[in-house]
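Residue numbers (this note's numbering), protein chains in the order written: chain A, 6 to 269; chain B, 13 to 320. Let me begin by presenting the structure, written as structure tokens, before commenting on it.
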Amino acid sequence: MSEGAPRPGQDHYVAQVRTNIGVADGHRLLTLICPEVAQTAVPGQFLQIRVSVSGQDPLLRRPICVAAAREDEVDIVVRVAGRGTDLLAREAPGAFVDLLGPLGRGFTRPGRHEPVALVGGGVGVAPLHFLLTSLADPSRVRVLLGARTRALLPRLPGLSGLEGLRIATDDGSEGHHGTAADLLAGVLETDPPHRVYACGPQPMLAAVARLCIQRRIVCEVSLEERMACGIGVCMGCAVPMAGGGYTRACREGPVYDARAVKWE
Amino acid sequence: MGVTPDLSVRLGPLTLRNPVMVASGCCGFGQELAEWMPLSALGAIVAKGTTLRPRRGNPPPRVWETPAGMLNAIGLQNDGVQDLIEHKLPWLREQDVPIIVNIAGETVGEFAELARVLDRAPGVAALELNVSCPNVRAGGMQFGVCATGVAEVTSAAREATRLPIITKLSPNVTDIVEMARAAVDSGADALSLINTLLGMAIDPETRRPRLANITGGLSGPAVRPVAVRMVWQVARAVRVPIIGLGGISRAEHALEFIIAGASAVCIGTGLFADPRCPIAVVDGLRDYMERHGIERLGDLRGALEAAV
Numbered sequence: 006m007s008e009g010a011p012r013p014g015q016d017h018y019v020a021q022v023r024t025n026i027g028v029a030d031g032h033r034l035l036t037l038i039c040p041e042v043a044q045t046a047v048p049g050q051f052l053q054i055r056v057s058v059s060g061q062d063p064l065l066r067r068p069i070c071v072a073a074a075r076e077d078e079v080d081i082v083v084r085v086a087g088r089g090t091d092l093l094a095r096e097a098p099g100a101f102v103d104l105l106g107p108l109g110r111g112f113t114r115p116g117r118h119e120p121v122a123l124v125g126g127g128v129g130v131a132p133l134h135f136l137l138t139s140l141a142d143p144s145r146v147r148v149l150l151g152a153r154t155r156a157l158l159p160r161l162p163g164l165s166g167l168e169g170l171r172i173a174t175d176d177g178s179e180g181h182h183g184t185a186a187d188l189l190a191g192v193l194e195t196d197p198p199h200r201v202y203a204c205g206p207q208p209m210l211a212a213v214a215r216l217c218i219q220r221r222i223v224c225e226v227s228l229e230e231r232m233a234c235g236i237g238v239c240m241g242c243a244v245p246m247a248g249g250g251y252t253r254a255c256r257e258g259p260v261y262d263a264r265a266v267k268w269e
Numbered sequence: 013m014g015v016t017p018d019l020s021v022r023l024g025p026l027t028l029r030n031p032v033m034v035a036s037g038c039c040g041f042g043q044e045l046a047e048w049m050p051l052s053a054l055g056a057i058v059a060k061g062t063t064l065r066p067r068r069g070n071p072p073p074r075v076w077e078t079p080a081g082m083l084n085a086i087g088l089q090n091d092g093v094q095d096l097i098e099h100k101l102p103w104l105r106e107q108d109v110p111i112i113v114n115i116a117g118e119t120v121g122e123f124a125e126l127a128r129v130l131d132r133a134p135g136v137a138a139l140e141l142n143v144s145c146p147n148v149r150a151g152g153m154q155f156g157v158c159a160t161g162v163a164e165v166t167s168a169a170r171e172a173t174r175l176p177i178i179t180k181l182s183p184n185v186t187d188i189v190e191m192a193r194a195a196v197d198s199g200a201d202a203l204s205l206i207n208t209l210l211g212m213a214i215d216p217e218t219r220r221p222r223l224a225n226i227t228g229g230l231s232g233p234a235v236r237p238v239a240v241r242m243v244w245q246v247a248r249a250v251r252v253p254i255i256g257l258g259g260i261s262r263a264e265h266a267l268e269f270i271i272a273g274a275s276a277v278c279i280g281t282g283l284f285a286d287p288r289c290p291i292a293v294v295d296g297l298r299d300y301m302e303r304h305g306i307e308r309l310g311d312l313r314g315a316l317e318a319a320v
């Protein structure tokens, strides 16, 4: 990558909201009309989306992973976590959102027939959904999805009727009573995949990383770190690295080889 | 009858093509920002705070959003001055933009050493002295909150280099004018104000601070009135040029600072929300000058119409 040169497709866009549907309690699936991002984004990349009209308050954009891309449109999943995401989740069809992207480093694509498992926690399923829907044969992929409770499981289109889908809930209200990492531990015992892709809360990722590193299975994790700029200038989204020091989730990440990260 | 607005401004010995600069710590060393806008559209770039030796910075979380602003505690993460000279300046020199290097010493001696090293580095237009970083233990704001500290650092740098010296002041003081005078009396060619306001936020559910560093620097639109007030106070008290910063992302914000007495402005946190906003600020300043028949931007500096 030459210094100072924009990355593929990376630009400032104003995208119209095509649809906005609920996919879980407090989770909205927004479809945005943005052909340039749809054609250039790779799974694991994110968008920096403005959540206020003025751009003054809330001041910062919200980093949101692309959940799917088709021809002229991209999907995002917005989990309402505060004032900014609440504003974004309310954007009605026809509204315009101001975004920067696609940003960051995405997942390494698996080989055509390589067995893979996707491990998602809550809204962390979004980038994995993009990866899943971009694969030639999604039906062979195992998707291990966890949430605190049944009502918080994002019901994304690519997951419906998927044979390889396994669910875990912390309260046992659906699927396995436990975590998505528990499900992965079981899969690694019986039929280990070649590659594992994971996105979700930090404790889940740490557990997934530990399991994969022990068994020498290639594992890529998408990290959620508090971000300010999202474009590599503020050094806010520091990720501690196994070899010492920090890298930027927005730039060297958000996808990392699990072995490169320093897990607490 | 139209005028062709002249946006160029004098900053002590420097002449900038326009008054819109990007602030230290908010634009890295320019490479990522250049993906969004040509750096040659800027009056100058102030490179990220550079120390004698590499610094890892603070553990995360390093940032937290606040009403119309944010807290940060990055902790001066950088690869050190040698890396700047060997790997960052050569690219930056090609971008047709004046390069101001922000330097941060842990001791007065380190400031002098940094100034000496950079005095010989080709392409550096000026040095900005960071006596106001609130997020490091040694050095940083400890120098910026007492007049003797400001004076010692500024004098030491002054003696170590012929480059223009800009002292960046901390707002975390009782009397900003006293700090400004100390810097000017010690040889500062210009002043930058303000750095961030020391702040703090807590998660009541966990009782933990939002930042791993506990405290951090507040920036963004929320601090703008404080910054404008300090620029106004300092502009009336000293004769060196002032670079105003704090919550600027539009021309109308920059105009507040210029009318209060700033010669130039820096955009910092505004870049995080919109990396192209410096272009809009320059365009907006030009529009304003045309609308008001102002030929030279310098004519607007300090032009506050105050009720007596």
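For every residue, glycine included, the Cβ atom is placed at its ideal position computed from N, Cα and C. Bear in mind the structure is a predicted one, so any value in this text is a computation, not a measurement.
Check residue i in the structure and name its three-state DSSP category.
i: A315 (chain B); result: coil
i: K180 (chain B); result: strand
i: P290 (chain B); result: helix
i: P79 (chain B); result: coil
i: R84 (chain A); result: strand
i: C39 (chain A); result: coil
i: H118 (chain A); result: coil
i: R55 (chain A); result: coil
i: K60 (chain B); result: strand
i: A254 (chain A); result: coil
i: S198 (chain B); result: coil
i: M301 (chain B); result: helix
i: S165 (chain A); result: coil
i: D95 (chain B); result: helix
i: E216 (chain A); result: Inspection of the sequence shows that residue 216 (chain A) is occupied by Leu rather than by Glu. In the structure shown, L216 (chain A) sits in a helix (DSSP, three-state: H, G or I).
i: A20 (chain A); result: strand
i: Q44 (chain A); result: helix
i: M191 (chain B); result: helix
Terminal residues of the continuous alpha helix (DSSP H) containing residue i?
i: F101 (chain A); result: No alpha helix (DSSP H) holds F101 (chain A); the beta strand (DSSP E) holding it covers 101-108.
i: R248 (chain B); result: From DSSP, R248 (chain B) is part of no alpha helix (DSSP H); its letter is neither H nor E.
i: I270 (chain B); result: 263-272
i: G191 (chain A); result: 185-195
i: F155 (chain B); result: 153-156
i: L126 (chain B); result: 120-131
i: R170 (chain B); result: 159-172
i: T138 (chain A); result: 130-139
Can you give me the C-alpha to C-alpha distance between residue i and residue j, rounded to a whole angstrom?
i: R75 (chain A); j: P17 (chain B); result: 47 Å
i: R163 (chain B); j: F155 (chain B); result: For the sequence presented, residue 163 (chain B) should be read as Ala rather than Arg. Distance between the alpha carbons of A163 (chain B) and F155 (chain B): 9 Å.
i: A213 (chain B); j: I86 (chain B); result: 15 Å
i: G237 (chain A); j: R256 (chain A); result: 6 Å
i: R110 (chain A); j: V71 (chain A); result: 12 Å
i: N142 (chain B); j: T179 (chain B); result: 7 Å
i: G55 (chain B); j: E125 (chain B); result: 27 Å
i: E268 (chain B); j: R65 (chain B); result: 38 Å
i: E140 (chain B); j: W268 (chain A); result: 37 Å
i: H32 (chain A); j: L88 (chain B); result: 37 Å
i: V136 (chain B); j: K60 (chain B); result: 13 Å
i: Q15 (chain A); j: F51 (chain A); result: 11 Å
i: G280 (chain B); j: M82 (chain B); result: 12 Å
i: L123 (chain A); j: G249 (chain A); result: 28 Å
i: S57 (chain A); j: L230 (chain B); result: 20 Å
Rank the options by C-alpha distance to the C-alpha of residue i and give the top, closest one.
i: P73 (chain B); options: B:L257, B:I177, B:G258, B:L223; result: B:L223
i: D286 (chain B); options: A:C234, A:R253, A:L150; result: A:C234
i: R148 (chain A); options: A:V201, A:R117, A:T113, A:L105; result: A quick correction: the sequence has Val, not Arg, at residue 148 (chain A). Nearest C-alpha to V148 (chain A): A:V201.
i: P208 (chain A); options: A:G125, A:A265, A:D91, A:P159; result: A:G125
i: Y18 (chain A); options: A:Q50, A:I54, A:G127, A:A254; result: A:I54
i: T208 (chain B); options: B:S198, B:E190, B:A202, B:G228; result: B:G228
i: T62 (chain B); options: B:L101, B:G273, B:T160; result: B:L101
i: P115 (chain A); options: A:Q61, A:I222, A:L164; result: A:I222
Start and end of the beta strand (DSSP E) containing residue i?
i: V32 (chain B); result: 32-34
i: M212 (chain B); result: 209-212
i: Q159 (chain A); result: Here residue 159 (chain A) is Pro; the residue named in the question, Gln, does not match the sequence. P159 (chain A) -> no beta strand (DSSP E), and no H or E assigned at all.
i: A74 (chain A); result: 67-75
i: P245 (chain A); result: 243-245
i: G21 (chain B); result: Looking at the sequence shown, residue 21 (chain B) is not Gly but Val. 21-23 is the span of the beta strand (DSSP E), which, as asked, contains V21 (chain B).
i: L141 (chain B); result: 136-142
i: R171 (chain A); result: 170-174
DSSP has residue i in a bridge; who is on the other side?
i: G27 (chain A); result: A:R33
i: I279 (chain B); result: B:V34
i: D18 (chain B); result: B:R308
i: H125 (chain A); result: Reading off the sequence, residue 125 (chain A) comes out as Gly, not His. A:L150, A:C204.
Taking residue i as the query, report the chain E residues whose CB atoms sit under 8 Å from its CB, ordered along the chain.
i: M82 (chain B); result: Here the protein chains are A and B, and chain E is not one of them.
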